[in-house]
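Last residue of the sequence shown? That's 307 in my numbering, and every number before it is there in order.
In this text, a Cβ means the ideal position worked out from N, Cα and C, and glycines have one as well.
Remember, it's a predicted structure, so these values are computed and weren't measured experimentally.
Have a look at the structure below before the remarks.
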Amino acid sequence: MAVARDHGALVRLDRICFGPRAWPAGEWWEAISEPGWTTVVLECGGEVAGATVLILWPPVAGLASIAVHPSHRGRGWGGVLLRDAVRRACDAGARWLSLEVDADNRTAIELYRSEGFRMARRFVEDGRARLEMHRRVRRRAPRRPGRRSLGMMPIA
């Protein structure tokens, strides 16, 4: 979990990975400190190699950010971070995990599809073609045999 001392490294990682579309430093304070937000830092060799930001508001959780430093890409860290995000969403009681990605980011889209995400919609944001993708992370609890919900009870 991210702590205050990770703030500067997270801001730098975001700027390296997303350039002018990186979050302002103040939004990173929110991601680190606000209830309902979970920021996970992946460290490698004492430096921040990657991070995820989850918004855990069941029944739907949102993966607000996932980033791997360019010098650490190609090692499977993106998959590690994504699977951790799915587990955390499930543990928080979410049924679905949602994310948005640039439509031309083929590497990310392939990773998301390989982990069970499917496209929900296409849209344009700030002049960029984007995709919203979802994945079920938790199944509904099975109903007990012989039990019906009140909505299914026969009327006499």
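Any idea if residue i is buried or exposed, counting beta-carbon neighbours within 10 angstroms, 16 or more meaning buried?
i    : result
I167 : exposed
A173 : buried
D242 : exposed
V275 : exposed
V199 : buried
D277 : exposed
T190 : buried
Give the DSSP-derived three-state secondary structure of residue i in the structure shown.
i    : result
R264 : helix
D253 : strand
R224 : coil
E185 : coil
P175 : coil
A259 : helix
V231 : helix
Could you name the residues that DSSP lists as bridge partners for residue i?
i    : result
G201 : L193 and V219
H285 : S249 and R269
G213 : I206 and S249
F274 : R281
With 9 Å as the threshold, decide whether the Cβ of residue i is near any Cβ in chain B.
i    : result
D253 : The structure shown has no chain B; it contains just one protein chain.
What does the alpha-carbon distance come out to for the pair residue i and residue j?
i    : j    : result
G229 : L214 : 13 Å
C195 : E283 : 30 Å
I260 : H223 : 18 Å
W247 : R289 : 7 Å
E251 : M270 : 9 Å
S216 : E178 : 12 Å
E185 : G159 : 17 Å
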